[in-house]
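See structure below.
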Amino acid sequence: MRLFALFVALLMLPVAAAISDLTIYAEGYYESQDEAPILVEWFHGSGDEEKVNELSMMDSNGEITLLHWRTGADQEGGGLPDDDADSRMMYHGFNQTPSVAIDGYPENISDIEGDVRMNEVDIDWSIQLIGSTEVELLNITATWTNPQQLNGATQLHLFIIESEAIDSNGREVDNLVRDWAPSSSFNFSNNATNKWNETITRDYLDGAGIDLDDATYADRYEIILVLVGGFEEETSNRVLSIQRSEMPTYWQSVDQGSILTPMLVLIILIFCIGFIVMAERKREIGLPRLEGSWSSEKDVIDYRIIAGNSVEIGDLTIGDGWISNGRIKKVTVAKNTTHSGTLRVSGSGAFTLRLAVKVSELGDWVLDLNLPDPGSND
110 MRLFALFVAL LMLPVAAAIS DLTIYAEGYY ESQDEAPILV EWFHGSGDEE
160 KVNELSMMDS NGEITLLHWR TGADQEGGGL PDDDADSRMM YHGFNQTPSV
210 AIDGYPENIS DIEGDVRMNE VDIDWSIQLI GSTEVELLNI TATWTNPQQL
260 NGATQLHLFI IESEAIDSNG REVDNLVRDW APSSSFNFSN NATNKWNETI
310 TRDYLDGAGI DLDDATYADR YEIILVLVGG FEEETSNRVL SIQRSEMPTY
360 WQSVDQGSIL TPMLVLIILI FCIGFIVMAE RKREIGLPRL EGSWSSEKDV
410 IDYRIIAGNS VEIGDLTIGD GWISNGRIKK VTVAKNTTHS GTLRVSGSGA
460 FTLRLAVKVS ELGDWVLDLN LPDPGSND
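In terms of this note's numbering, the numbers along the sequence shown are unbroken and rise by one, the last being 487.
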């Protein structure tokens, strides 16, 4: 068993070395969506459950792109984030909740209707989840060419939402905004090609309550990119493009080549373990047992040889301080039977006996019998 453990450890050395460096756990590449449902930002308030359920259904049906800001979460308890929610609420100038903004503008709650609009800017983009034993970095890139010169107010907003968040009180929140980051770090010129990038660390993700672990269940979260602004000399801003996707998971991204080596190692390990278990089981069932005790008659031992496989009895050896006045006959004990007898000895002290046997299919073995000094019972 020690040799087998060493063998397993040697097999795992290359795996341990491989995971010591950062690698891409999961990645996804997305072509620009030609159109997208309108952006609806819902700011949570007391008694809004029915409306939120309605909006969640509209989002599922592709009628709207829903962002659920959990305003007041700190007062309610439950551990949901509200810092970005409060900041976004101040940006829109809301002073009460629930409230709603559609495509960046405050609207009446009763005026929410689904709609799908053409994207005016085509954005190709990608997501990478990078780490060692767990995801350490979230890397998002976006590439687009300006169809016209963008005005100075244009920004690219990155939203990370949790599709079905549950707080510590058991309340479920659909499309919860976990993180929001606006950016204007790109070229505004006509026909300029932008290569935008945002890299988010694990510490930052943890602070936002985003747990990507090893990317197995990363699709609990979604990325939404929203380009908001306008073109040169336009005085009003609008949503120019919305791109949205679930985060890629490890199992969606892994290729067949990368999974082949660990699968092969696993098969070898299973085979080795199975072989050892079967061999141990075969030996356990097949080996005989030698049992005995002092008889009620002085200096006489009652013994039993309990056979698994058939057993050929060989030479008998008695420990120091004792001699045998007889022997155990060299017979063959049939499979799954018990051979009993008595052995007369003389001597003093603790008694030891060693009996050589040959076991069918298992070879030569020595059976031991150890008994206490019979004088200790007087």
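For every residue, glycine included, the Cβ atom is placed at its ideal position computed from N, Cα and C.
R390 is classed as exposed because its beta carbon has fewer than 16 other beta carbons within 10 Å across all chains shown. Cβ contact annotation for D157 (same chain, cutoff 7 angstroms, sequence separation greater than five): P207, in chain order. Contact annotation: G318 and P190 have beta-carbon atoms nearer than 8 angstroms. Assigned with DSSP and collapsed to three states, K160 falls in helix. For M356, no beta strand (DSSP E) encloses it, and the DSSP letter there is neither H nor E. Just measuring C-alpha positions, the residue of T461, S141, E342 sitting nearest N479 is T461. Counted as a single uninterrupted DSSP element, the stretch harbouring H201 is not any beta strand (DSSP E) but the alpha helix (DSSP H) occupying residues 192–201.
When C-alpha distances from W403 are compared across P483, Y313, L425, Q205, the shortest belongs to P483. Between G154 and T180, the C-beta spacing is below 8 angstroms. Uninterrupted beta strand (DSSP E) stretches at least 3 residues long and entirely within the segment 293–363 occur at 302–310, 330–338, 347–355, given in chain order. For the pair of segments examined, the segment 193–207 was found not to touch the segment 133–149: the number of CB pairs separated by less than 8 angstroms stays below three.
Cβ-Cβ distances below 8 angstroms link G261 to F297 in the same chain, with the five nearest sequence neighbours on each side left out; the list follows chain order.
Under the DSSP assignment, D183 falls in the alpha helix (DSSP H) whose first and last residues are 182–185. DSSP places Q258 outside any beta strand (DSSP E), giving it a letter other than H or E. By the criterion of at least three beta-carbon pairs nearer than 8 angstroms, the segment 281–289 is not in contact with the segment 213–229.
Within the DSSP bridge table, the entry for V475 names A465 as partners.
Pairwise C-beta distances place the segment 383–399 out of contact with the segment 166–179, as fewer than three of them are shorter than 8 angstroms. Contact between the segment 298–306 and the segment 242–259 is present, with at least three C-beta pairs closer than 8 angstroms. Distances from the alpha-carbon of V420 to those of K444, E406, Q264 put K444 closest. The C-beta of F384 has fewer than 16 other C-beta atoms within 10 Å across all chains shown, which makes the residue exposed. Secondary structure of E389 (DSSP, three-state): helix.
Of the candidates N434, I173, V440, the residue whose Cα lies closest to the Cα of R353 is I173. Put simply, the backbone Cα of G188 is about 11 angstroms away from that of R280. Here the alpha carbons of F203 and I211 stand approximately 13 angstroms from one another. Around the C-beta of G417, 16 or more other C-beta atoms lie within 10 Å, and the residue is accordingly described as buried.
Here the alpha carbon of A459 sits roughly 12 angstroms from the alpha carbon of D408. Of the residues N346, N278, D276, the one whose Cα lies closest to the Cα of Q264 is N346. For E331, the closest C-alpha among the options G339, V337, G338, E273 is that of E273. Per DSSP, reduced to three states, the secondary structure at L176 is strand. W151 places its beta carbon less than 8 angstroms from that of V209. Excluding its 5 nearest sequence neighbours in each direction, S455 has C-beta neighbours in its own chain below 8 angstroms: D408, W431, I432, N434, listed in chain order. In terms of CA proximity to I275, D320 leads the group E159, D320, T254, I376. Under the three-state reduction of DSSP, V230 is assigned to coil, being neither helix nor strand. Sequence-distant Cβ neighbours of S293 in its own chain, meaning closer than 6 angstroms and more than five residues away, are Q264. No Cβ-Cβ contact shorter than 8 angstroms links V442 with I410. Pairing S350 with L373, the inter-Cα distance amounts to about 46 angstroms.
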